[in-house]
Amino acid sequence: MHRVSAFLLLLSIAFHPASATEEKNIVPSVLRSAMVYRTGAELVHTATATLPQGSSELIIGDISNAVDLNNLRVSCTNDVTVMSVTFSTEYLKPETVSPFVKKLQDSVEFIRKELARLDVLTRSDNELLELLAANKSIGGKDGLSVAELTKMVDYYKQKTVELRTELNTYSERSDKWKQLIGRLENQIKEEEKKNSKTSGRLILQLMSPTEGAANFTISYLTTAASWYPFYDLKVNKVNDPLQILYKARLQQTTGLDWKKVKLSLSTSLPNQGGNAPVLKAWFLQFVEPAMRTVTGYYQQNFKSSGFAGNNSVANALTGQVSGLSLSEVAVSPVKIRGTATIGNQQPLYILNGVPASAEEVSKIDPNAIASMNVLKDADATTLYGARAAAGAVIVTTKNEMNDYVSVNDNQMDVTFDIDMPYDVPANGKEQDVVLRDIKAPCSYEYYSAPRIDKEAYLLGNVPGWEALHLLPGEANIIVEGTNIGKSFIDPNSTLDTLSLTLGRDKRIVVKKEKIADYSSVKFLGSNKKQVFTYEITVRNNRKEKVQMLLKDQHPISTDKEIEEELLESSDAAVNKDTGVLTWRLELNPGETRKYRVSYSVKYPKDRNININ
Numbered sequence: 003m004h005r006v007s008a009f010l011l012l013l014s015i016a017f018h019p020a021s022a023t024e025e026k027n028i029v030p031s032v033l034r035s036a037m038v039y040r041t042g043a044e045l046v047h048t049a050t051a052t053l054p055q056g057s058s059e060l061i062i063g064d065i066s067n068a069v070d071l072n073n074l075r076v077s078c079t080n081d082v083t084v085m086s087v088t089f090s091t092e093y094l095k096p097e098t099v100s101p102f103v104k105k106l107q108d109s110v111e112f113i114r115k116e117l118a119r120l121d122v123l124t125r126s127d128n129e130l131l132e133l134l135a136a137n138k139s140i141g142g143k144d145g146l147s148v149a150e151l152t153k154m155v156d157y158y159k160q161k162t163v164e165l166r167t168e169l170n171t172y173s174e175r176s177d178k179w180k181q182l183i184g185r186l187e188n189q190i191k192e193e194e195k196k197n198s199k200t201s202g203r204l205i206l207q208l209m210s211p212t213e214g215a216a217n218f219t220i221s222y223l224t225t226a227a228s229w230y231p232f233y234d235l236k237v238n239k240v241n242d243p244l245q246i247l248y249k250a251r252l253q254q255t256t257g258l259d260w261k262k263v264k265l266s267l268s269t270s271l272p273n274q275g276g277n278a279p280v281l282k283a284w285f286l287q288f289v290e291p292a293m294r295t296v297t298g299y300y301q302q303n304f305k306s307s308g309f310a311g312n313n314s315v316a317n318a319l320t321g322q323v324s325g326l327s328l329s330e331v332a333v334s335p336v337k338i339r340g341t342a343t344i345g346n347q348q349p350l351y352i353l354n355g356v357p358a359s360a361e362e363v364s365k366i367d368p369n370a371i372a373s374m375n376v377l378k379d380a381d382a383t384t385l386y387g388a389r390a391a392a393g394a395v396i397v398t399t400k401n402e403m404n405d406y407v408s409v410n411d412n413q414m415d416v417t418f419d420i421d422m423p424y425d426v427p428a429n430g431k432e433q434d435v436v437l438r439d440i441k442a443p444c445s446y447e448y449y450s451a452p453r454i455d456k457e458a459y460l461l462g463n464v465p466g467w468e469a470l471h472l473l474p475g476e477a478n479i480i481v482e483g484t485n486i487g488k489s490f491i492d493p494n495s496t497l498d499t500l501s502l503t504l505g506r507d508k509r510i511v512v513k514k515e516k517i518a519d520y521s522s523v524k525f526l527g528s529n530k531k532q533v534f535t536y537e538i539t540v541r542n543n544r545k546e547k548v549q550m551l552l553k554d555q556h557p558i559s560t561d562k563e564i565e566e567e568l569l570e571s572s573d574a575a576v577n578k579d580t581g582v583l584t585w586r587l588e589l590n591p592g593e594t595r596k597y598r599v600s601y602s603v604k605y606p607k608d609r610n611i612n613i614n
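Counting in the numbering used here, the sequence shown tops out at residue 614, every number present.
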């Protein structure tokens, strides 16, 4: 009896873990931000708890299950001292069923009931068939008339066919339901894998000088997250800038679903060392100063970083705009000190270049503001007339991903700070994040080397690529709306211009053919002399003029017994060291050009060479 009671107690603890620790102070934490490195991440949580005076123990939950304890930091307000920190994994956290899984489970339950109903109908029809088979004796001693016999046979036939048809229908329905229930159960297992996460928790020993609420900040490194870059390279027209969609492929298995988290991505590895950084010599040099345009009127400008953490535009302006006062009403009236304000006249609001009401501006999420300018007195009326006599507030909102992502380059690494909350589930599946949408100046030219490949490749040459903060990564190539394949961006170059291969273009036709009439073989004593003549034809079937780089090659000899001579090159630039012939072309729409290459090779006739 005692063993049964103990077993039931253990079950109670397992399925109601809170009851096992109800005497302890347990608070959840909220994940606020995640700095994801190429391998690893730094997570920052906050938590709030009410502490008694003196020593106490506090358990903070909802921590990652993969914490690097060497880089765990816990800070607290109100002069609370953290005496010790212990980490443990929370295995007994009650599991929650997502609404999607609940729908799947309800569907499975419905199908099971339907299968049970079909089973009842099937057994009923089988019993009827057995009953018919057991009563095949027809008539008594006197027998049946022909009419009665015909009627009886028709009945048996009709009833048997009817029952067997029903059984066949039930069987088909049952098979379909069983297939569907199998798929649903597989999906439920997949979803349960996503939700079967174990989180961690911190057990803190604290010393508080007073009783009251205290705020905690927890930060730590984890290895259970990573990201890598990839790109979409889009060419709308050959003369347009190259569109580079800079993306990150992110995944995490920290045991926590990241919900509405401020996300940052760094190109570096987390600094896990304990040694202090050492400064090296910083050499000054001359640089060109940035040009600044003066418009002739007074304004105060505020970028989006100044609005973070505010819940309204009015609050965001408080303390930042000189001479600005606010009144606490539903739609906060704004007054700009130093303006000729008459009565309750409000300043003029300009939202993305269009006049707007104070109510419209007050509803804007501060995180969606790119910049805000405030004009006073004559500066405002000069631009907007008498309606701006009380001043003007010019608000510009973010309208593309570039506005939400700020890039910080500190020479050693680059950090992308994303100014919008992100959700990243802890299922280990890769999630794409758009970092930047770049319109890069680009010069295009086609390239072909028909000795190796007769296809024409579109090349994009991007100057000043260092400012784009590109990393090595795979790129999808999209030319004029068609996905034509993949390429690889390798920015590890010392050249000023980054050359990208943007795929093949069948509309640039290149052919290389041997001209038999101008090719020959002669024997001169103990030597053999061969003459090779080729014609290269290039045609532009596009509707616009194109630039092209065409290359071919003639062999060169490093053996004194082999003599080679270039006979004809059609005015190509010749590299004597490599034998490469280069033509730079400008082809009009529909234009065709031909180039001839001829060379001779003389070598001992009893020897073979790699001439083909």
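Beta carbons are placed, not taken as given, at the ideal position from N, Cα and C, and that holds for glycine.
{"Asked": "Reduced DSSP category for residue 335 - H, G, I as helix; E, B as strand; rest coil", "Found": "The predicted position of residue 335 is uncertain, since its pLDDT is 49 and thus under 50; a value taken from the coordinates is nonetheless stated next. Coil at residue 335, not helix or strand."}
{"Asked": "Cutoff 6 Å; reference residue 522; Cβ partners in own chain excluding five residues on either side", "Found": "533"}
{"Asked": "Selection from 373, 445, 101 and 50 that minimises the alpha carbon distance to residue 241", "Found": "445"}
{"Asked": "Start-end ranges of the alpha helix (DSSP H) lying completely within the region 516 to 582, minimum 4 residues", "Found": "none"}
{"Asked": "Cα-Cα separation, residue 344 to residue 58", "Found": "Bear in mind that the predicted position of residue 344 carries a pLDDT of just 43, short of 50, making it unreliable; the figure below should be weighed with that in mind. C-alpha separation (whole angstroms): 59 Å."}
{"Asked": "Residue 191 (DSSP reduced to helix, strand or coil)", "Found": "helix"}
{"Asked": "Range of the contiguous alpha helix (DSSP H) that encloses residue 27", "Found": "Counting along the chain, residue 27 falls outside any alpha helix (DSSP H), though it belongs to the beta strand (DSSP E) covering 27 to 30."}
{"Asked": "Under the three-state DSSP convention, the category residue 223 falls into", "Found": "strand"}
{"Asked": "Boundaries (first-last residue) of the beta strand (DSSP E) holding residue 445", "Found": "445 to 451"}
{"Asked": "According to DSSP, residues forming a beta bridge with residue 92", "Found": "201"}
{"Asked": "Close-in-space but distant-in-sequence residues of the same chain around residue 450 (CB under 6 Å, 5 per side omitted)", "Found": "458, 512 and 552"}
{"Asked": "Coil, strand or helix - residue 389 by DSSP", "Found": "helix"}
{"Asked": "CB contact flag (residue 271, residue 250, <8 Å)", "Found": "no"}
{"Asked": "Residue 133 in three-state terms, based on DSSP", "Found": "helix"}
{"Asked": "Nearest candidate by alpha-carbon position, reference residue 2, set 584, 42 and 80", "Found": "Nothing can be reported for residue 2: it is not among the residues displayed for the chain, which extend from 3 to 614."}
{"Asked": "Distance, residue 447 Cα to residue 502 Cα", "Found": "11 Å"}
{"Asked": "Boundaries (first-last residue) of the alpha helix (DSSP H) holding residue 364", "Found": "360 to 364"}
{"Asked": "Reference residue 586, options 569, 549, 558 and 568, closest by Cα", "Found": "549"}
{"Asked": "Assigned exposure category for residue 619 - 16 Cβ within 10 Å defines buried", "Found": "In the structure as shown, the chain starts at 3 and stops at 614, and residue 619 therefore has no counterpart that could be examined."}
{"Asked": "For residue 77 and residue 280, the rounded distance between their alpha carbons", "Found": "26 Å"}
{"Asked": "Residues of its chain near residue 425, where Cβ-Cβ distance is below 6 Å and the 5 sequence neighbours each way are ignored", "Found": "261"}
{"Asked": "Selected residue, minimal CA-CA separation from residue 456, among 38, 540, 545 and 593", "Found": "540"}
{"Asked": "Alpha carbon of residue 134 to alpha carbon of residue 171, nearest angstrom", "Found": "20 Å"}
{"Asked": "In DSSP terms, what residue 506 is bridged to", "Found": "459"}
{"Asked": "Residue of 132, 429 and 239 minimising C-alpha distance to residue 253", "Found": "429"}
{"Asked": "Minimum C-alpha distance to residue 608 - residue among 264, 559 and 528", "Found": "528"}
{"Asked": "Backbone secondary structure at residue 348 - three-state DSSP", "Found": "coil"}
{"Asked": "Limits of the unbroken beta strand (DSSP E) element including residue 260", "Found": "260 to 268"}
{"Asked": "Three-way DSSP call (helix, strand, coil) for residue 44 in this model", "Found": "strand"}
{"Asked": "Where residue 254 falls: helix, strand or coil (DSSP)", "Found": "strand"}
{"Asked": "For residue 605 and residue 566, the rounded distance between their alpha carbons", "Found": "9 Å"}
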